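S.K.: Please see the structure below; I have some questions.
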Amino acid sequence: GDVVNQKEMFTVTLEDYRLILDRQFVQRLYEKVFQRTADTAGLNDWSNKLYNGTTTGATTAWNFFFSPEFGNKNTTNEQYVNILYQALFDRNADTDGKANWVSLLDNGVSRAYVLKGFTDSSEFNNLCSVYGIRQGTITTSENRDKNPQVTAFVNRLYTIAMNRAADVNGLNDWTGKLLAKTKTPKQGASGFVFSQEMANRNLSNQEYVTMLYRTMMDREPDEAGLNDWVTRLQSGTSRQSVFDGFADSTEFDNIVRAYGLK
């Protein structure tokens, strides 16, 4: 039969395998952090930044976790930690590790501090190696992230003495003062007990003494002790003097030492 020769033209686009891996890393962040597929613009933008070396794995992760989209999810501390394990360690959280990170968050450190703990880890470095990207690091500058024990001490003053969650500005302010040693733990406690906010609560003598037992001794008042302190207040002893009695006690000193303060 007749033989027909045909010439077919093909256009082949070759991509650097490194860019393909970068794209896969970014895609998994969209899926794990945002729980959706990546939009083309965002996928290309972050992939190219990783490929060109203008960003790192840690910085990319930070931009996802501190984006308005993730913020709008209003995740709990436990949910946040679970997502960190999935996105950055590629596994479910282990019980002890998760409990430790959640406790740190509940006691006042920032989410950036916890994120840094994940991105600085060997597990995240291993994940970055799989995708051929630089691990990198992030920095934190808030006072509450400089010493978790001191932060926890201040946080308990908010939750026990003030009976509310700490505000970030106040937490950073008081933590900074204790770290710089411009205030002692006793002065810190005094700042809460004799604050305008506390005055506005209008505590009765019994409520005031009960608050001091919980704040300065980490326990409920015993009946004899409560009656004794209330009687003193009713007899004219100042609230400052009663506070000093609690602040100078062995029990408060033990609390201070437990948080690494002196």
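In the numbering used here, the protein residues as written are 122 to 383.
Glycine residues also receive a C-beta, built at the ideal position from the N, C-alpha and C atoms.
Please read all numbers here as calculations on a predicted model, not as lab measurements.
1. Could you tell me whether the Cβ atoms of Q256 and N246 are closer together than 9 Å?
2. Where K298 and G366 are concerned, what is the direct C-alpha to C-alpha distance, given to the nearest angstrom?
3. Using three-state DSSP, classify K411 as helix, strand or coil.
4. Take Y201 as the anchor and find which of T176, F155, G178 has the nearest alpha-carbon.
5. Between the segment 320-327 and the segment 350-369, are three or more C-beta pairs nearer than 8 Å?
6. Assign V377 to one of three DSSP states: helix, strand, or coil.
7. Could you tell me the distance, in whole angstroms, from the CA atom of R265 to the CA atom of T196?
8. Which of helix, strand or coil does DSSP assign to Y252?
9. By alpha-carbon positions, which one of V251, N198, D374 ends up nearest to L140?
10. Spell out a yes or no on whether the segment 217-235 and the segment 273-288 are touching, meaning 3 or more CB-CB pairs, one atom from each, closer than 8 Å.
11. Quick one: grab the DSSP three-state call for P306.
12. Is F313 near Y334, with beta carbons less than 9 Å apart?
13. Would you kindly check if the distance between the Cβ of L248 and the Cβ of W183 is under 9 Å?
14. Please classify P306: is it buried, with 16 or more other beta-carbons within 10 angstroms of its beta-carbon, or exposed?
15. Does the Cβ-Cβ distance between M283 and S316 come in under 9 Å?
M.R.: This is what the structure holds:
1. If you number the sequence shown from 1, residue 256 lands on position 135. If you number the sequence shown from 1, residue 246 lands on position 125. Closer than 9 Å, so yes.
2. Locating residue 298 in the sequence shown gives position 177, counting from the first residue. Locating residue 366 in the sequence shown gives position 245, counting from the first residue. In this structure, the alpha-carbon of K298 lies about 23 Å from that of G366.
3. A question about residue 411 goes unanswered here, because the residues of the chain that appear run from 122 up to 383.
4. On the sequence shown, residue 201 is found 80 positions in, with the first residue counted as 1. Measuring from the Cα of Y201, the nearest candidate turns out to be F155.
5. Verdict: yes, contact present.
6. The count along the sequence shown starts at 1 and reaches residue 377 at position 256. Looking at V377 - three-state DSSP - the assignment turns out to be helix.
7. Locating residue 265 in the sequence shown gives position 144, where the first residue counts as 1. Locating residue 196 in the sequence shown gives position 75, where the first residue counts as 1. Each residue's Cα considered, the two are about 21 Å apart.
8. The residue labelled residue 252 in the question sits at position 131 within the sequence shown. Y252 carries a coil assignment under DSSP once its states are collapsed to helix, strand and coil.
9. On the sequence shown, position 19 is the one that residue 140 refers to. Of the candidates V251, N198, D374, the one whose C-alpha sits nearest the C-alpha of L140 is V251.
10. A contact exists between the segment 217-235 and the segment 273-288.
11. By one-based count along the sequence shown, residue 306 stands at place 185. Note: P306 maps to helix in three-state DSSP.
12. On the sequence shown, residue 313 is found 192 positions in, with the first residue counted as 1. On the sequence shown, residue 334 is found 213 positions in, with the first residue counted as 1. Cβ distance not < 9 Å, so F313 and Y334 don't count as in contact.
13. Sequence index remark: in the sequence shown, residue 183 carries index 62 (1-based). Sequence index remark: in the sequence shown, residue 248 carries index 127 (1-based). In this structure, W183 keeps its C-beta atom at 9 Å or more from the C-beta atom of L248.
14. Residue numbering aside, residue 306 sits at position 185 when the sequence shown is read from its first letter. Around the beta carbon of P306, a 10 Å sphere encloses 16 or more other beta carbons of the protein chains shown; the residue is thus reported as buried.
15. Here residue 283 corresponds to residue number 162 of the sequence shown, with the count starting at 1. Here residue 316 corresponds to residue number 195 of the sequence shown, with the count starting at 1. Yes, the pair counts as a contact, with Cβ atoms nearer than the cut-off.
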